[in-house]
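Asks:
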Amino acid sequence: PPSPPTTVTMNLSFAISTLLAGSASAWSTISMKMETGSNRRQILKKGAAIATTIATPLVSNAYSVPDLNYPFEALEPYIDAPTMKIHHDKHHATYVANINKATEGKDEVDILELQLNALEAGPAVRNNGGGHYNHAFFWDEMAPPDEAKKTKPSADLEAMINKSFGSLDEMKAAFEARAAPGALFGSGWVWICVNQKGDELKLVGTPNQDNPLMKGVADEVMFPILGLDVWEHAYYLKYQNRRPEYVSNWWNVVNWDKVSENFAYVVEKKAGVPVRG
């Protein structure tokens with residue numbers, strides 16, 4: 008008669024001390040009761056998979072650079088293709104790599120949610136988390152000039168612009184003045200935001216990669232619907248030191264349909280605009 012199955016008991020010990028914060032060492036013992044044959048092989052494979060999982064360090068790739076909705080050259084002649092490629096593929100990518108590094112091993116948080124307490128979180132999150140959000144927001148509010156000129160503010164947005172600034176032209180003039188080198192010295196961004204009450208638009212300039220979603224940047228947290236990057240890397244290849252020319256030309260690629268969507272969203276939700284990536 009065939010022999011009864013041989014029962015083998017194996018104890019597999021895995022060192023997981025490096026994965027436990029504050030512990031010098033810790034050991035996990037897994038007892039496996041396995042029969043010879045296919046069951047044993049299957050359980051051994053499962054044990055190896057567990058060992059691999061435990062031994063693999065946590066790596067954060069929570070954030071990514073979103074693809075543009077248009078080719079690099081699509082914003083010509085107002086923003087040149089070399090600038091767009093370097094800006095998107097190099098500068099934005101660096102912010103993404105650094106925020107992934109700064110949040111490695113931590114719970115994944117949506118990039119929008121990361122903005123509120125970015126100042127308290129420290130320079131790595133403030134600069135790189137802000138840099139990622141700001142750029143992802145920036146790409147999506149622009150369109151090729153032939154498309155952009157067919158867009159316009161919605162009736163609700165136009166009414167709020169008129170209430171807050173007098174007219175669209177007056178808003179643009181105030182925006183350009185705020186973006187001038189003498190008004191926003193060095194690197195930064197200029198924003199049109201909805202206030203907390205949702206009943207007024209505010210013009211805000213922020214240094215570096217700060218934005219009005221961050222608590223402590225302005226008098227109150229506000230919700231951007233339009234924003235312009237005035238770092239030199241955004242325009243220097245084409246405009247050199249002529250930032251005002253860059254700013255005034257930028258209106259030719261603003262997608263007012265998207266800005267109107269942003270406005271409707273933040274008025275309804277009392278929250279910032281979600282971004283891709």
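Position one of the sequence shown corresponds to residue 8 (the numbering used here), numbered consecutively onward.
We put the beta carbon where it would ideally sit given N, CA and C, even for glycine.
In this structure, does DSSP put residue 136 in helix, strand or coil?
Replies: helix
Asks: Taking C-beta to C-beta, are residue 271 and residue 174 nearer than 9 Å?
Replies: no
Asks: Does DSSP put residue 62 in a helix, in a strand, or in coil?
Replies: The predicted position of residue 62 is uncertain, since its pLDDT is 36 and thus under 50; no value can be drawn from it.
Asks: What residue from 205, 246, 218 has the CA that sits closest to residue 166's CA?
Replies: 205
Asks: Using only alpha-carbon positions, find the residue among 149, 222, 214 that is nearest to residue 268.
Replies: 149
Asks: Please report the straight-line C-alpha distance between residue 147 and residue 229, rounded to a whole angstrom.
Replies: 19 Å
Asks: If the criterion is Cβ atoms closer than 9 Å, does the pair residue 109 and residue 68 meet it?
Replies: In this structure, residue 68 does not lie closer than 9 Å to residue 109 by Cβ.
Asks: For residue 261, does the three-state DSSP call read helix, strand or coil?
Replies: strand
Asks: In this structure, what does DSSP give as the bridge partners for residue 210?
Replies: 199
Asks: Quick check on the DSSP output: what are the complete beta strand (DSSP E) runs of length 3 or more inside the stretch 219-258, in order along the chain?
Replies: 230-236
Asks: State yes or no: is the C-beta of residue 235 within less than 9 Å of the C-beta of residue 263?
Replies: no
Asks: Just the Cα atoms here: how many angstroms apart are residue 84 and residue 246?
Replies: Cα to Cα, residue 84 sits roughly 11 Å from residue 246.
Asks: Grab me the residues of residue 128's own chain with a C-beta within less than 8 Å of its C-beta, minus the 5 sequence neighbours each way, in chain order.
Replies: Correct list, in chain order: 121, 136.
Asks: Which partner residues of residue 149 appear in the DSSP bridge assignment?
Replies: 261
Asks: Could you give the residue range of the alpha helix (DSSP H) that holds residue 101?
Replies: 100-109
Asks: Have a look at residue 274 and residue 201 and give me their C-alpha separation to the nearest angstrom.
Replies: 7 Å
Asks: For residue 138, does the count of other Cβ atoms within 10 angstroms reach 16, so buried, or fall short, so exposed?
Replies: buried
Asks: With a Cβ-Cβ cutoff of 9 Å, do residue 155 and residue 261 count as a contact?
Replies: yes
Asks: If we ignore side chains and look at the alpha-carbon of each, how far apart do residue 177 and residue 152 end up?
Replies: 22 Å
Asks: Could you tell me the distance, in whole angstroms, from the CA atom of residue 283 to the CA atom of residue 189?
Replies: 33 Å
Asks: In three-state terms, what does DSSP make of residue 185?
Replies: Three-state result, residue 185: helix.
Asks: If you count every other CB in all the chains shown that lies within 10 Å of the CB of residue 192, and 16 or more means buried, which is it?
Replies: exposed
Asks: Whole-angstrom Cβ separation of residue 266 and residue 144, contact assumed at under 8 Å?
Replies: About 11 Å; that fails the 8 Å criterion.
Asks: Just verifying my parser: in three-state terms, what is the DSSP assignment at residue 275?
Replies: helix
Asks: Can you tell me the Cα-Cα spacing of residue 184 and residue 212, whole angstroms?
Replies: Taking the straight line joining both Cα atoms gives about 11 Å.
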